[in-house]
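A short worksheet on the structure shown next.
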Amino acid sequence: MNYSAIEMMTIAAARALRNDDVCFVGIGLPSAACNLARLTHAPGVTLIYESGAIATRPNVLPLSIGDGELCETALTTVSVPEMFRYWLQGGRITVGFLGGAQVDRFGNLNSTVIGDYRRPKVRLPGAGGATEIAACCGRTFIVMRQHPRAFVPKLDFMTTLGHGPTGRERRALGIGTAGPALLVTDLCVLEPETECNEFVVTALHPGVSAEKVRENTGWEARFAKKVRESEPPSAHELETLRELHARTARAHGTAAGE
Amino acid sequence: MGSFLSLREAVAGLVHDGDTVALEGFTHLIPFAAGHEIIRQGRRGLTLIRMTPDLIYDQMIGAGCARKLIFSWGGNPGVGSLHRLRDAVEKQWPQALEIEEHSHAAMANAYAAGASGLPCAIFRGYQGVDLPAHNPNIRFVACPFTGESLACVPALRPDVAVIHAQRADRQGNLLIEGILGVQKEAVLASRRSLVTVEEVVEEFGERSPNAVILPAWTVTAVAVVPGGARPSYAHGYYSRDNSFYVAWDEIAKDRGRFQAWIEQHVMRAELPA
Numbered sequence: 035m036n037y038s039a040i041e042m043m044t045i046a047a048a049r050a051l052r053n054d055d056v057c058f059v060g061i062g063l064p065s066a067a068c069n070l071a072r073l074t075h076a077p078g079v080t081l082i083y084e085s086g087a088i089a090t091r092p093n094v095l096p097l098s099i100g101d102g103e104l105c106e107t108a109l110t111t112v113s114v115p116e117m118f119r120y121w122l123q124g125g126r127i128t129v130g131f132l133g134g135a136q137v138d139r140f141g142n143l144n145s146t147v148i149g150d151y152r153r154p155k156v157r158l159p160g161a162g163g164a165t166e167i168a169a170c171c172g173r174t175f176i177v178m179r180q181h182p183r184a185f186v187p188k189l190d191f192m193t194t195l196g197h198g199p200t201g202r203e204r205r206a207l208g209i210g211t212a213g214p215a216l217l218v219t220d221l222c223v224l225e226p227e228t229e230c231n232e233f234v235v236t237a238l239h240p241g242v243s244a245e246k247v248r249e250n251t252g253w254e255a256r257f258a259k260k261v262r263e264s265e266p267p268s269a270h271e272l273e274t275l276r277e278l279h280a281r282t283a284r285a286h287g288t289a290a291g292e
Numbered sequence: 037m038g039s040f041l042s043l044r045e046a047v048a049g050l051v052h053d054g055d056t057v058a059l060e061g062f063t064h065l066i067p068f069a070a071g072h073e074i075i076r077q078g079r080r081g082l083t084l085i086r087m088t089p090d091l092i093y094d095q096m097i098g099a100g101c102a103r104k105l106i107f108s109w110g111g112n113p114g115v116g117s118l119h120r121l122r123d124a125v126e127k128q129w130p131q132a133l134e135i136e137e138h139s140h141a142a143m144a145n146a147y148a149a150g151a152s153g154l155p156c157a158i159f160r161g162y163q164g165v166d167l168p169a170h171n172p173n174i175r176f177v178a179c180p181f182t183g184e185s186l187a188c189v190p191a192l193r194p195d196v197a198v199i200h201a202q203r204a205d206r207q208g209n210l211l212i213e214g215i216l217g218v219q220k221e222a223v224l225a226s227r228r229s230l231v232t233v234e235e236v237v238e239e240f241g242e243r244s245p246n247a248v249i250l251p252a253w254t255v256t257a258v259a260v261v262p263g264g265a266r267p268s269y270a271h272g273y274y275s276r277d278n279s280f281y282v283a284w285d286e287i288a289k290d291r292g293r294f295q296a297w298i299e300q301h302v303m304r305a306e307l308p309a
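Those protein sequences? They're chains A and B, same order as listed.
Per our numbering, the first sequence runs over residues 35 to 292.
Per our numbering, the second sequence runs over residues 37 to 309.
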């Protein structure tokens, strides 16, 4: 079956979730990946949205973080302060799934501004839950489309701490969680190198050259000693993802999550 | 004791120029009708507080109601930017907008601290990020028992909270169901509160003993405004008008088109019911 680079990205991100994970889900690409995991290899995965929905099983992807579908299909729904205090800060979440406008080589994220904070070129939505999701979840996965304006040598603004500006700050601050463990793009999969925490390419999606990854990375991309080729999407994964998007489009009159 | 008022009387009595106002609702139960009445009555100089300033604050900011915004995520969910918010921040139109920016965890904790009667909220957050350098209200304290560095923000204590709920009973008690957001905390943290409701019922009837109820004596005024959360949704009553959220992107992009929309759909609109 033919597939798009975005489908490959979503499927590669979904595969990283385990059946016993408790996952804090961001809206957009993370939401598509997490629900695909639930509908394929990880039917037992617990999905949690910051609007308070715990163990939700939405039939269509939410357009917004607080869609009624999330509450109606959840095991229970708690208030937003309870969500951030007991469930996130309390250490109950194994994986946080995030995106952003900019990422650097150490998995730090910017979703606040492009340009100067007080006189921004582009004002982005801001942190939302991301800052504390990245601090409190056992580890975080990042899913983002790869191009040089998004994969930058230096963030315009540090909204969300990954491993820190030089890869060492997270550990130095004594933050007890692992931080970013995986970065999935439409071209490849990157993982932090032991010790220095720099994200290096560990898998190329089928048909993607190392050169293409270099061209789309704002820093000098590095590659692991052994670079795998990502398993192409199976027919089951593709069909499930496409049905999910088709149901979503019918429900919202628009394709949510992209 | 919450008294039943018309929306016009309630806004006139409770929301004053220069007030600090929190219109809350996390995607669900956003008090649009009350926000529109604030625009119609021409309130100015408001400090607006809201975790997710979406379309309603885009409209209030573009209409010139606000001098300051305290928030943690400002976007049109699933669609993109808030163009009126960006125009105010980037180009000072229709006037400069001071912003005090937080994370969701900080805002949620700050409301809970306000409802708890505490001066500040303490939580684990903001470590190693840039926002504390730009917001002097984000500080750190050492835990007196463990020495751990914890984030600290002032409690939110709005002059007025404005929320939308599903039902009031005849006594003015209020029932909220579905995604709860921070509305209970916002009301209990505020000096005054206005709750718009879909309907008034004789009795709430069958319900869980843990149903979220704000007793009448915690609320200043109740106004019956069916559809008062549209185009957001009210669980059990109507669903979210996603197509309007998409359409808003084009309306809000252009100052003239925005002003025409406000004139037609807010200034000259008939009050619901």
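All residues carry an ideal CB built from backbone N, CA and C; glycine is no exception.
query, result
"Is it true that the CB of B:Ile66 sits closer than 8 Å to the CB of B:Ser268?", "yes"
"Between the C-alpha atoms of B:Thr232 and B:Ser244, what's the straight-line distance to the nearest angstrom?", "22 Å"
"I want to verify the contact list: residues of chain A whose CB lies under 9 Å from the CB of B:Thr254, in sequence order.", "Going along chain A, no residue has its Cβ under 9 Å from B:Thr254, so there is no contact; the nearest lies around 16 Å."
"Just to check my reading of the structure: A:Asp138 and A:Gln180 have Cβ atoms closer than 8 Å, yes? What is that Cβ distance to the nearest angstrom?", "Actually they are not in contact, since the Cβ atoms of A:Asp138 and A:Gln180 sit about 13 Å apart, beyond 8 Å."
"Rank B:Val302, B:Tyr147 and B:Arg291 by C-alpha distance to the C-alpha of B:His119 and give the top, closest one.", "B:Arg291"
"Taking 8 Å as the CB-CB cut-off, is A:Gln136 touching chain B?", "no"
"Using CA coordinates, which residue listed in A:Pro96, A:Gly141 and A:Arg152 is at the minimum distance from A:Ala164?", "A:Gly141"
"Answer with yes or no whether the minimum CB distance from A:Ile127 to chain B is below 8 Å.", "no"
"Between the alpha carbons of A:Leu195 and B:Gln163, how many angstroms are there, rounded?", "8 Å"
"Alpha carbon to alpha carbon, what distance is there between A:His197 and A:Asn53?", "26 Å"
"Note down the Cα distance separating B:Ile85 from B:Ala204, rounded to an integer number of angstroms.", "25 Å"
"So, is B:Cys179 buried or exposed, given that buried needs 16 or more other C-beta atoms within 10 angstroms?", "exposed"
"For A:Val242 and A:Tyr37, what's the separation of their Cα atoms in angstroms?", "13 Å"
"Using the rule of at least 16 other Cβ atoms within 10 Å of the residue's Cβ for burial, across every protein chain shown, is A:Ser65 buried or exposed?", "buried"
"Please check if any C-beta of chain B sits within less than 8 Å of the C-beta of A:Leu132.", "no"
"If we call anything under 8 Å between Cβ atoms a contact, is B:Gly264 one with B:Gly61?", "no"
"Would you mind listing the beta strand (DSSP E) stretches within the segment 50 to 101 of chain A that are 3+ residues and don't spill past its ends, in chain order?", "56 to 59 and 80 to 83"
"Helix or strand or just coil, what does DSSP make of B:Asn112?", "strand"
"DSSP beta-bridge partners for B:Tyr162?", "According to DSSP, which records beta bridges pairwise, B:Tyr162 is partnered with nothing at all."
"Where DSSP assigns a beta bridge to A:Glu227, which residues make up the other side?", "Paired residue(s): none; A:Glu227 is not in a bridge."
"Since B:Asp166 meets chain D, which of its residues come closer than 8 Å, beta carbon to beta carbon?", "In the displayed structure, chain D is absent; the protein chains listed are A and B."
"Would you list, in sequence order, the uninterrupted alpha helix (DSSP H) runs of no fewer than 4 residues that lie entirely inside the segment 126 to 182 of chain A?", "164 to 170"
"State the beta-bridge partners of B:Ile212 as determined by DSSP.", "B:Val248"
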